[in-house]
Structure formats: C-alpha cells, structure tokens
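Each remark here refers to the structure printed beneath this line.
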Amino acid sequence: MHSIFGHRSSGLPQWMRRAGRLPMNVVVSTAICVAVSVAVSTAAIGATLETPETPETPVAPAAPAAPSAPTQEISPAEVMVFQTNHMQNIHSPVDLTYAYKKAVVSAPGIDDLIHVDVTKINPDGTATVSLRFLTGTRKLAIPEVEHSKGNPLLLGFLEWDIAQMKALTGGSTGYFRRRIRIALAEAAVIRPTTITYKGKKLDAQEVSFQPYRNDPMHEKFEKYVDKRYTFVFSNKVPGGVYQIGTQLSTEKVGALTVSTVAQENMRTDETITLVKEDSKK
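If you're matching positions, the sequence shown starts at 1 in the UniProt record's numbering and goes up one per residue.
Here is the structure:
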C-alpha cells in the first residue's frame, strides 16, 4: 500500500479504521502517526493550552469489532483529509508558516506559530517534510518523513487535539480517533468557500463536522458534544491546507444547564491559518 504521508503503511493505527474495519484504499503512514503520537505524549499539553480539570474516572470502552463486511466506500471528506496529494503544488523546498490562535472568553488567549518544513522534492512527486508544531514550552518537533504527499499539519493537529481531550476527560485516544473518523465518513458537510491569501481571493472547500453530537458515550464527554471541527482546503495555496479550526461552546455540565453567562465563559475558538511561505535556499 502507498500512503499520502509516506510509502510504509503496515501496522496502521486507529486513524485508518472506521468503526473497527479498515477501508483498503484509505492509508496514512505509520511513520508520521507514530512520530506525532510520541511527540504529543511526551509534552505537557494539559497545562499549556487549557485549564486542567479533574479527569473523569470512566474511560470509554473500545468499540466492539464489526463483523466482516465489504469495503466501505470512502467519503469525499475522507478523501480530502487522507487521500489528497496536498503537496502537489510545491515544486521546491519551502517553509510554510501557520498562525495558531486560541481564544477563550474571560481567559488569556494564545498566539503561536506552526511550521511545515518541506526540505526536498522527490522525483516521484512526493516530498520530505517535517513539522514544528508551536514553540517554547508548547513545542512539538515531529521528525522528517520522506516520500510524503500529505500535509503533516493535519495529523499533527488532530493528535494534539485528542491528547488535550484525553488529558481532561480520561477518555482513550482510540475512542476520540474513531469518533472523528466516523464523523468524516458519515456526517461531514462540504461546501465551497472563498479565502484570502497574500491579498488574493482564492477558491477553497470547507469540511465541517461534529464528532460527538450523536455520540453514544456523550454523557461521559458532555463538554465536547457541540464541538465543531472545520478544515479549509485549497489547491491554490502551497501545502493544500489553508485553515484548521475548532469551536466549542459547552451548554451543560453533567445534568445541570448553566446560565447564559457561564455558557459564554466556556466558549473556545481555535484556529490554525496559513500566513506565508518562505523559499529555502
């Protein structure tokens, strides 16, 4: 199998599984998933981006294995995230800079940077890439991955996001991954949009989904029920990924409905936006 993130795809992690089985033509390299997972697991993320809470003791059980069934058709949203050659419009080494912003009502915001470093363009059209995710005490350095077609920002962000949710709830990494994959497969909405990059209006496509809206385990992860993810893709920008965002406004804590003021205080907006490209000498 070949991957948009590299040539190796043996031992694929849960990102590649939808409800317990692996669609044969959806592959993402183990190399980048492992690199991101290890980097995330060794960082003190809970204290850097969110106010720590007391972890919930229940841990979501693994979903039961699904019976054998024909390979499922891959959804357009899955194709955009996992099967598109995001690097196809990069023809020379470049540093892509993304601005990270996190806004929490009634709490200090965070402004930081993320770098996707493309160090080599290979004859087969793939690229050698690495990821510098945030800076300072929040920094995650993801090692180089050769022969990549996918933008490592996607999995870098998803693994980072999941690690935060795991730290705050006690839920399992595999559980959160599966909810995101199922949402991409079954409930994602794609719509055309327009972005502005380097002063130009460009065509783009927006993918949005809410993994926990119809979550059977929602009582254990109540704060994420309304969490929305938005990915904006455009083949007019280098690296194919223009923006990643999440929006979260918790309306309930356990069985208690909180006041409008308290709801507003719980609102969190997070965005990662491509701001520039710098050619490498």
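We put the CB at the ideal spot given by N, CA and C, even for glycine. No experiment lies behind these values; they were computed from the predicted model shown.
- Excluding sequence positions up to five before and after Phe176, its CB lies within less than 6 Å of the CB of Ile162 and Met165, all in the same chain and listed in chain order.
- Under the criterion of beta carbons closer than 8 Å, Ile190 and Ala204 do not qualify as touching, at roughly 11 Å.
- Contact between the segment 103-118 and the segment 133-146 is established, with three or more Cβ pairs separated by less than 8 Å.
- The C-beta distance from Gly240 to Thr128 rounds to 17 Å, too long to meet the 8 Å contact threshold.
- DSSP links Val129 through a beta bridge to Val118 and Val145.
- For Val275, the closest alpha carbon among the candidates Val81, Glu73, Asn235 and Tyr98 is that of Tyr98.
- Bounds of the alpha helix (DSSP H) holding Arg179 are Thr173 to Glu186.
- The distance from the Cβ of Lys280 to that of Val94 is about 6 Å, consistent with a contact at the 8 Å cut-off.
- As for any beta strand (DSSP E) of minimum length 3 sitting wholly inside the segment 191-277, the runs are 200-209, 228-233 and 241-248, ordered along the chain.
- The three-state secondary structure of Lys102, taken from DSSP, is strand.
- DSSP places Thr135 in no alpha helix (DSSP H); its state is neither H nor E.
- Annotation for Ala188: Ala77, Val207 and Phe209 place their beta carbon closer than 6 Å to its own, counting only its chain and skipping 5 residues before and after.
- Per the C-alpha coordinates, the member of Leu184, Lys200 and His147 positioned closest to Arg228 is Leu184.
- In summary, Glu222 is buried, with 16 or more beta-carbon neighbours lying within 10 Å of its beta-carbon over all protein chains present.
- Per the DSSP secondary-structure output, Val94 pairs in a beta bridge with Val118 and Ser279.
- Beta bridge pairing from DSSP links Val189 with Ser208.
- Secondary structure of Ile74 (DSSP, three-state): coil.
- By the neighbour-count criterion, in which a residue is buried when 16 or more other Cβ atoms sit within 10 angstroms of its Cβ, Glu159 is buried.
- For Asp161, the secondary structure class from DSSP, reduced to helix, strand or coil, is helix.
- Here Pro238 is buried, its C-beta having at least 16 other C-beta atoms within 10 Å.
- For Pro108 and Tyr224, the gap between their C-alpha atoms comes out near 21 Å.
- When the beta-carbon positions are compared, Gln243 and Phe231 come within less than 9 Å of each other.
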